[in-house]
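Take a look at the structure below.
There are 4 protein chains.
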Amino acid sequence: MHCPDQKGIVAKVTAFIHNNRGNILALDQHVDKQDQHFFMRIKWALDGFAIPREKIADYFQTLIAIPYQMEFQLHFTDQVPRMAIFVSQFSHCLYDILSRWESGEWDVQIPLIISNHQDMSSIAERFNIPYHYLPVLPGNKAEQEQKQMELLEDAGIDFIVLARYMQILTEQFTARYPNRIINIHHSFLPAFAGAKPYHAAFQRGVKIIGATCHYVTSELDEGPIIEQDVVRVSHKDSLDTLIRKGKDLEKIVLSRGIFQHLKYKTLVYKNKTIVFS
Amino acid sequence: MHCPDQKGIVAKVTAFIHNNRGNILALDQHVDKQDQHFFMRIKWALDGFAIPREKIADYFQTLIAIPYQMEFQLHFTDQVPRMAIFVSQFSHCLYDILSRWESGEWDVQIPLIISNHQDMSSIAERFNIPYHYLPVLPGNKAEQEQKQMELLEDAGIDFIVLARYMQILTEQFTARYPNRIINIHHSFLPAFAGAKPYHAAFQRGVKIIGATCHYVTSELDEGPIIEQDVVRVSHKDSLDTLIRKGKDLEKIVLSRGIFQHLKYKTLVYKNKTIVFS
Amino acid sequence: MHCPDQKGIVAKVTAFIHNNRGNILALDQHVDKQDQHFFMRIKWALDGFAIPREKIADYFQTLIAIPYQMEFQLHFTDQVPRMAIFVSQFSHCLYDILSRWESGEWDVQIPLIISNHQDMSSIAERFNIPYHYLPVLPGNKAEQEQKQMELLEDAGIDFIVLARYMQILTEQFTARYPNRIINIHHSFLPAFAGAKPYHAAFQRGVKIIGATCHYVTSELDEGPIIEQDVVRVSHKDSLDTLIRKGKDLEKIVLSRGIFQHLKYKTLVYKNKTIVFS
Amino acid sequence: MHCPDQKGIVAKVTAFIHNNRGNILALDQHVDKQDQHFFMRIKWALDGFAIPREKIADYFQTLIAIPYQMEFQLHFTDQVPRMAIFVSQFSHCLYDILSRWESGEWDVQIPLIISNHQDMSSIAERFNIPYHYLPVLPGNKAEQEQKQMELLEDAGIDFIVLARYMQILTEQFTARYPNRIINIHHSFLPAFAGAKPYHAAFQRGVKIIGATCHYVTSELDEGPIIEQDVVRVSHKDSLDTLIRKGKDLEKIVLSRGIFQHLKYKTLVYKNKTIVFS
Numbered sequence: 008m009h010c011p012d013q014k015g016i017v018a019k020v021t022a023f024i025h026n027n028r029g030n031i032l033a034l035d036q037h038v039d040k041q042d043q044h045f046f047m048r049i050k051w052a053l054d055g056f057a058i059p060r061e062k063i064a065d066y067f068q069t070l071i072a073i074p075y076q077m078e079f080q081l082h083f084t085d086q087v088p089r090m091a092i093f094v095s096q097f098s099h100c101l102y103d104i105l106s107r108w109e110s111g112e113w114d115v116q117i118p119l120i121i122s123n124h125q126d127m128s129s130i131a132e133r134f135n136i137p138y139h140y141l142p143v144l145p146g147n148k149a150e151q152e153q154k155q156m157e158l159l160e161d162a163g164i165d166f167i168v169l170a171r172y173m174q175i176l177t178e179q180f181t182a183r184y185p186n187r188i189i190n191i192h193h194s195f196l197p198a199f200a201g202a203k204p205y206h207a208a209f210q211r212g213v214k215i216i217g218a219t220c221h222y223v224t225s226e227l228d229e230g231p232i233i234e235q236d237v238v239r240v241s242h243k244d245s246l247d248t249l250i251r252k253g254k255d256l257e258k259i260v261l262s263r264g265i266f267q268h269l270k271y272k273t274l275v276y277k278n279k280t281i282v283f284s
Numbered sequence: 008m009h010c011p012d013q014k015g016i017v018a019k020v021t022a023f024i025h026n027n028r029g030n031i032l033a034l035d036q037h038v039d040k041q042d043q044h045f046f047m048r049i050k051w052a053l054d055g056f057a058i059p060r061e062k063i064a065d066y067f068q069t070l071i072a073i074p075y076q077m078e079f080q081l082h083f084t085d086q087v088p089r090m091a092i093f094v095s096q097f098s099h100c101l102y103d104i105l106s107r108w109e110s111g112e113w114d115v116q117i118p119l120i121i122s123n124h125q126d127m128s129s130i131a132e133r134f135n136i137p138y139h140y141l142p143v144l145p146g147n148k149a150e151q152e153q154k155q156m157e158l159l160e161d162a163g164i165d166f167i168v169l170a171r172y173m174q175i176l177t178e179q180f181t182a183r184y185p186n187r188i189i190n191i192h193h194s195f196l197p198a199f200a201g202a203k204p205y206h207a208a209f210q211r212g213v214k215i216i217g218a219t220c221h222y223v224t225s226e227l228d229e230g231p232i233i234e235q236d237v238v239r240v241s242h243k244d245s246l247d248t249l250i251r252k253g254k255d256l257e258k259i260v261l262s263r264g265i266f267q268h269l270k271y272k273t274l275v276y277k278n279k280t281i282v283f284s
Numbered sequence: 008m009h010c011p012d013q014k015g016i017v018a019k020v021t022a023f024i025h026n027n028r029g030n031i032l033a034l035d036q037h038v039d040k041q042d043q044h045f046f047m048r049i050k051w052a053l054d055g056f057a058i059p060r061e062k063i064a065d066y067f068q069t070l071i072a073i074p075y076q077m078e079f080q081l082h083f084t085d086q087v088p089r090m091a092i093f094v095s096q097f098s099h100c101l102y103d104i105l106s107r108w109e110s111g112e113w114d115v116q117i118p119l120i121i122s123n124h125q126d127m128s129s130i131a132e133r134f135n136i137p138y139h140y141l142p143v144l145p146g147n148k149a150e151q152e153q154k155q156m157e158l159l160e161d162a163g164i165d166f167i168v169l170a171r172y173m174q175i176l177t178e179q180f181t182a183r184y185p186n187r188i189i190n191i192h193h194s195f196l197p198a199f200a201g202a203k204p205y206h207a208a209f210q211r212g213v214k215i216i217g218a219t220c221h222y223v224t225s226e227l228d229e230g231p232i233i234e235q236d237v238v239r240v241s242h243k244d245s246l247d248t249l250i251r252k253g254k255d256l257e258k259i260v261l262s263r264g265i266f267q268h269l270k271y272k273t274l275v276y277k278n279k280t281i282v283f284s
Numbered sequence: 008m009h010c011p012d013q014k015g016i017v018a019k020v021t022a023f024i025h026n027n028r029g030n031i032l033a034l035d036q037h038v039d040k041q042d043q044h045f046f047m048r049i050k051w052a053l054d055g056f057a058i059p060r061e062k063i064a065d066y067f068q069t070l071i072a073i074p075y076q077m078e079f080q081l082h083f084t085d086q087v088p089r090m091a092i093f094v095s096q097f098s099h100c101l102y103d104i105l106s107r108w109e110s111g112e113w114d115v116q117i118p119l120i121i122s123n124h125q126d127m128s129s130i131a132e133r134f135n136i137p138y139h140y141l142p143v144l145p146g147n148k149a150e151q152e153q154k155q156m157e158l159l160e161d162a163g164i165d166f167i168v169l170a171r172y173m174q175i176l177t178e179q180f181t182a183r184y185p186n187r188i189i190n191i192h193h194s195f196l197p198a199f200a201g202a203k204p205y206h207a208a209f210q211r212g213v214k215i216i217g218a219t220c221h222y223v224t225s226e227l228d229e230g231p232i233i234e235q236d237v238v239r240v241s242h243k244d245s246l247d248t249l250i251r252k253g254k255d256l257e258k259i260v261l262s263r264g265i266f267q268h269l270k271y272k273t274l275v276y277k278n279k280t281i282v283f284s
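Protein chains in written order, with my numbering: chain A, 8 to 284; chain B, 8 to 284; chain C, 8 to 284; chain D, 8 to 284.
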């Protein structure tokens, strides 16, 4: 939830939960002092909660959200999110995601994988996940995105992960999934936005390289950042070893970002991401 | 504040502040699920607060702490903490602390520096801080600690920083300042506790060295950890370069730990430190 | 190569290569000043080299190693090393290794996987790698190790990776593969050696956790360290989240260590590992 | 030294030293495979060296540098480099530098400090270093730089450190000290070059901030990078706490860069810095 900062919000919200016999399991709040804006994530147990599950949103809306001009989302942990993976020709992020899913580390469903190449289809097959090959050629992007959106719609997808998907999505596409498309960019943004960041990093002679997980917006590589990490490099690193070291960052940083999203710990406000603890 | 975890604590505490017209500026809470124990730090503005400043502790005690079996501390930000520095022969932590204090980065008073050596006296002089030289020799430790305690008492010291003070304090001394003596140990505890950690790290061939800021207890190097950090080393590092690299860690990690303490962001429970955000 | 430090070694070795028309591609040397011991790794191109490939070791031995009391190893990059994987019930390291191998990131052969559990057999199957299930029960360890050694022998294995293999190897076994068994320990050694390091780290309240890749010796968790890395944790981390965060470290640190070994960049001396650049 | 890569360079150079009875203490070489260019740093002991100290450069030039089209520098460790510090209004880098110098951690002379403000003069005084106040106003920059250059000339300065000096140097000035002016930029370059990098980082919502130590060229913030480091931040960080955390990075990263320069471990080639080990 978030709203203009006012006195008494925490008291009001926690009283709403407590008075209805909910037990708060986690609470993290943040005040943006520059913008005078308030943010909070609360998780509570529903056992014995006085308001029926399907009416909680209504009650919360009426009693709290409207008076406080608050926007909020309500999620239930027994509803497992449905995630689509877009991939091109690299397997490292894909394997990282699928192995977490398979081992039960993540509570997520993966109804489909979409790719503009056929290379990863055998991996999808091994994990028994439907693989849709939709090559993107000059002139057919709009058409292919249309097919993608139908597939996503049919599969009831909640959010999309671009696991090194090497196509720029159109504005129509990104607008349809606001803060629901997660990308990994292979640089420490805003350094080296755009194409070939490792080449640019090598050229510039940086001593550290990075990777950035962010939500996709219509501005390329400008979306709200969820997670970043870095690794030390040196003059001894060739372009090839930069790329090899960077891949390890990419998969770990992407997976961390997905995990925060899966746990509903992210909240986007003015192109920045609050990541609750 | 901390207490056994129960339903409704956050609601109760925030209502206490809100109903008395306090404005919450920061709130961070934590539940130790294993111990079913609740922890919270709240900072609120006193302008217009209904309860007079000097009675807040009483009211809080009666209305909240007693019913919830809660322990709490109350601090006012206009009361600047008074810190003593103990130092031996190394200047790096001392300079780091004094330069932060001088530049106004920290809101703290430093009424005195105590040392078992004379080496650092000229630095103290330049910053106009009284320097007490109390050499510790075989047989006179109890006597010197007595003098130290008198000095600390007279100066109204709130807490003590051991800025690479190379003497082990007696149990009488440490017992007098529970969670109020901050030490920097030059290793990544619990690795290499005790004397000569860099020698031990060099001998073991570790690829990363660390430093640990912790509260001092009667058990050497076993107190609750406030902050740690590390730096990468390699086979090319000699003992000397380990020590040189370690010094940078020591000063930064110690200063971070002091800062959290100064901001009342630390809470010790069962030999672990909660560091509120 | 390594030997007691003496004047002129680099000149002697590089002259040997140059005079025989070899072209040095990489050279990294190190002198342990405390021990007065010299270490070097040289990689050179064999095109046009005057000494036939199969006689290089002999010549080097006679002309350089004997006079300088030097020990050395000679490897050819067109001989792909053969690696065995030992695994128990966790898949994260296994997937990390297999996906690197499959994508061609590593130049290695994996003729077999050995496990004391059946859980990972389906993963081995998907990658078409023979999986040998050898359960270790009270009383049968010697017998099972005997079978393991036969399998390793038959497969012409060069080195072994313990990818979270949860059995302690006997001294007979480890003695047979000196500096050729690579383990990942899920702590920042020497902190938390032995069983259940995450439990111990949680109990101690550390602010950083680590993982250590090392060669296995007869002393448990005491072998020469190849690589370590760490990740920041806090009081908010439960034992479960420590374990989850630690897994990411384990797989990356193990894979980095394997990669250095694969490239013949490691040299063990007095229980420490030199990792050439 | 550096030159186009050719067969036999290492053999040639090490033979030159060995045949003249020098003992190599450290050797690090690097080949830029893309550019086919060779780089090496060698340190050797002069005791018993056959060539007189003052003739080494001549001999090396004639016998090696000319035939191999090599550029080289020769330094003697008993000649202590002379460093000038430029500072404006922040003391953190200045104290970090002066305390290292005072404690003997660095082998350097500091004949003068130059500033466009008077704020730091009392610190200079305490360390007994002459402080030159040269305010830079609209219209007098060329004139003040002239005075600076005279001061530097008179003091026999080898290199200049900009310890958060908030003036852009003119091209005349920077051209006079190629690869001899070391700056600290308070961002992870190339991200957030130019003014107010912390404001820009805060605005962009990055999850990590950095600092960059580089040689100054005529292109602002585009010079060869010597060292970088980063620290994790979050949405909870305000602009003020970004600045506070960044200061710790700035001083450590600047001091590391200076140290490498002091040890003659840096070599600039095509706007990138090789930092020898």
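Every residue gets a Cβ at the ideal spot worked out from N, C-alpha and C, and that includes glycine.
* **Local conformation of C/Ser284 per DSSP, three classes** => The sequence position of residue 284 of chain C within the third sequence is 277, counting from 1. Residue state, collapsed to three classes: coil.
* To do: Measure from the alpha carbon of C/Thr177 to the alpha carbon of each residue in C/Gln210, C/Val223 and C/His44, then state which is nearest.
  => Taking the third sequence and counting its residues from 1, the one referred to as residue 177 of chain C is at position 170. Cα-wise, what sits closest to C/Thr177 is C/Val223.
* Contact set for C/Leu246: own chain, Cβ-Cβ below 7 Å, skip 5 residues either direction -> As a working mapping, residue 246 of chain C is identified with position 239 in the third sequence. Tyr205, His206 and Phe209, listed in sequence order.
* To do: Closer than 7 Å by beta-carbon distance: list the chain B residues that pair up with A/His25, in chain order.
  => Along the first sequence, read from residue 1 onward, the residue named residue 25 of chain A stands at position 18. Here the neighbours are Lys14, Gly15 and Ala18.
* Asked: In chain order, what residues of the same chain lie with their CB nearer than 7 Å to the CB of A/Gln174, ignoring the 5 residues before and after it?
  -> Taking the first sequence and counting its residues from 1, the one referred to as residue 174 of chain A is at position 167. Hits under 7 Å: Asn123 and Val143.
* With distances taken Cα to Cα, identify the nearest neighbour of B/Ala218 among B/Ser110, B/Gly253, B/Lys272 and B/Cys100. => Walking along the second sequence from the start, residue 218 of chain B turns up at place 211. Nearest of B/Ser110, B/Gly253, B/Lys272 and B/Cys100 to B/Ala218, Cα basis: B/Gly253.
* Can you list, in chain order, the residues of the segment 246-268 of chain C whose Cβ is nearer than 7 Å to any Cβ on chain A? -> Residues of the segment 246-268 of chain C with a Cβ closer than 7 Å to any Cβ of chain A, in chain order: Arg251, Asp255 and Ile259.
* Would C/Ile130 pass as a contact of C/Leu158 if the rule is Cβ separation under 8 Å? -> Here residue 130 of chain C corresponds to residue number 123 of the third sequence, with the count starting at 1. Here residue 158 of chain C corresponds to residue number 151 of the third sequence, with the count starting at 1. Not in contact: C/Ile130 and C/Leu158 (Cβ atoms no closer than 8 Å).
* Cβ of A/Arg133 within 8 Å of any chain C Cβ -> Translated into the one-based positions of the first sequence, residue 133 of chain A becomes position 126. Answer yes: the Cβ-Cβ gap between A/Arg133 and chain C drops below 8 Å somewhere.
* Within its chain, find whatever has a CB closer than 7 Å to the CB of D/Gln155; leave out the 5 residues flanking it on each side and keep chain order. => Against the fourth sequence, residue 155 of chain D aligns to sequence position 148. For D/Gln155, the CB contacts under 7 Å within the same chain, skipping 5 residues up- and downstream, are Ile121 and Leu141 in chain order.
* Nearest chain D C-beta to A/Glu234 closer than 8 Å, yes or no? -> Along the first sequence, read from residue 1 onward, the residue named residue 234 of chain A stands at position 227. When Cβ-Cβ separations below 8 Å define contact, A/Glu234 makes contact with chain D.
* Asked: Can you find a C-beta in chain C that's less than 8 Å from the C-beta of A/His206?
  -> Start at 1 with the first residue of the first sequence, and residue 206 of chain A comes out as number 199. Not one beta carbon of chain C lies nearer than 8 Å to the beta carbon of A/His206.
* Of all the CB atoms in chain A, is at least one closer than 8 Å to the CB of C/Tyr271? -> As a position in the third sequence, residue 271 of chain C is number 264, starting the count at 1. Interface with chain A (8 Å Cβ-Cβ cutoff): C/Tyr271 is excluded.
* Contacts of A/Thr280 in chain D (Cβ-Cβ under 9 Å) -> Stepping through the first sequence from its first residue, residue 280 of chain A is reached at position 273. Chain D residues near A/Thr280: Gly212, Lys214 and His242.
* **Cβ separation of B/Ala170 and B/Leu261, assumed to be a contact under 8 Å, to the nearest whole Å** => The residue you call residue 170 of chain B lines up with position 163 of the second sequence. The residue you call residue 261 of chain B lines up with position 254 of the second sequence. With 8 Å as the limit, B/Ala170 and B/Leu261 qualify as a contact, their Cβ atoms being about 7 Å apart.
* Measure from the alpha carbon of B/Phe312 to the alpha carbon of each residue in C/Asn186, C/Gln235 and C/Tyr184, then state which is nearest. => Since the displayed chain B opens at 8 and closes at 284, residue 312 of chain B lies outside it and no answer follows.
* Say whether chain B places a C-beta atom closer than 8 Å to the C-beta of D/His99. => Translated into the one-based positions of the fourth sequence, residue 99 of chain D becomes position 92. Yes, because at least one Cβ of chain B sits closer than 8 Å to the Cβ of D/His99.
* Starting from the beta carbon of B/Phe195, find every residue of chain C whose beta carbon is closer than 9 Å, and list them in chain order. => Taking the second sequence and counting its residues from 1, the one referred to as residue 195 of chain B is at position 188. From the beta-carbon of B/Phe195, the residues of chain C found nearer than 9 Å are Phe195, Ala198, Val213, Ile215, Gly217 and Val237.
* Short Cβ contact (8 Å threshold) for B/Gly5 with B/Ala64 -> In this structure chain B extends from 8 to 284, so residue 5 of chain B is not present and cannot be described.
* Would B/Ser284 count as contacting chain D if we go by Cβ distances under 8 Å? -> For this step, residue 284 of chain B is matched to residue 277 along the second sequence. At least one chain D Cβ lies under 8 Å of B/Ser284.
* Run down chain A in chain order and give the residues with a C-beta less than 8 Å from the C-beta of D/Lys40. => On the fourth sequence, position 33 is the one that residue 40 of chain D refers to. Those within 8 Å of D/Lys40 in chain A are Ser245.
* With B/Met8 and B/Glu78 assumed to form a contact (beta carbons below 8 Å), what rounded beta-carbon distance in angstroms separates them? -> As a first step, residue 8 of chain B must be located in the second sequence, where it is residue number 1. As a first step, residue 78 of chain B must be located in the second sequence, where it is residue number 71. So it is a contact: roughly 7 Å between Cβ atoms.
* Measuring CB to CB, does C/Lys50 end up less than 8 Å from C/Ala72? -> Against the third sequence, residue 50 of chain C aligns to sequence position 43. Against the third sequence, residue 72 of chain C aligns to sequence position 65. For the pair C/Lys50 and C/Ala72, the CB atoms are not nearer than the 8 Å cut-off.
* Could you name the residues of the same chain whose beta carbon sits closer than 8 Å to that of D/Ile58, not counting the 5 residues immediately before and after it, in chain order? => Residue 58 of chain D sits at position 51 when you count from the first residue of the fourth sequence. When the five nearest sequence neighbours on each side are left out, the beta carbons in the same chain lying within less than 8 Å of the beta carbon of D/Ile58 are those of Asn27 and Tyr66, in order along the chain.
* To do: Could you pull out every unbroken beta strand (DSSP E) segment of at least 3 residues lying fully inside the segment 133-204 of chain C, listed in chain order?
  => If we require 3 residues or more, the beta strand (DSSP E) runs fully inside the segment 133-204 of chain C come out as 138-140, 166-169 and 188-192.
* To do: Would you list, in chain order, the members of the segment 99-113 of chain D that have their beta-carbon closer than 9 Å to a beta-carbon of chain B?
  => Under the 9 Å Cβ criterion, the segment 99-113 of chain D contributes His99, Leu101, Tyr102, Asp103, Leu105, Ser106, Arg107, Glu109, Ser110 and Glu112.
* Asked: Thinking just about the alpha-carbon of each residue, which of B/Thr248, B/Ile92 and B/His82 is nearest to the one in B/Pro137?
  -> Walking along the second sequence from the start, residue 137 of chain B turns up at place 130. Nearest C-alpha to B/Pro137: B/Ile92.
* Name, please, each residue of chain D whose Cβ falls closer than 8 Å to the Cβ of A/His37. => Within the first sequence, numbered from 1, the residue matching residue 37 of chain A stands at position 30. Within chain D, the residues placing a beta-carbon under 8 Å from that of A/His37 are His242 and Lys243, ordered along the chain.
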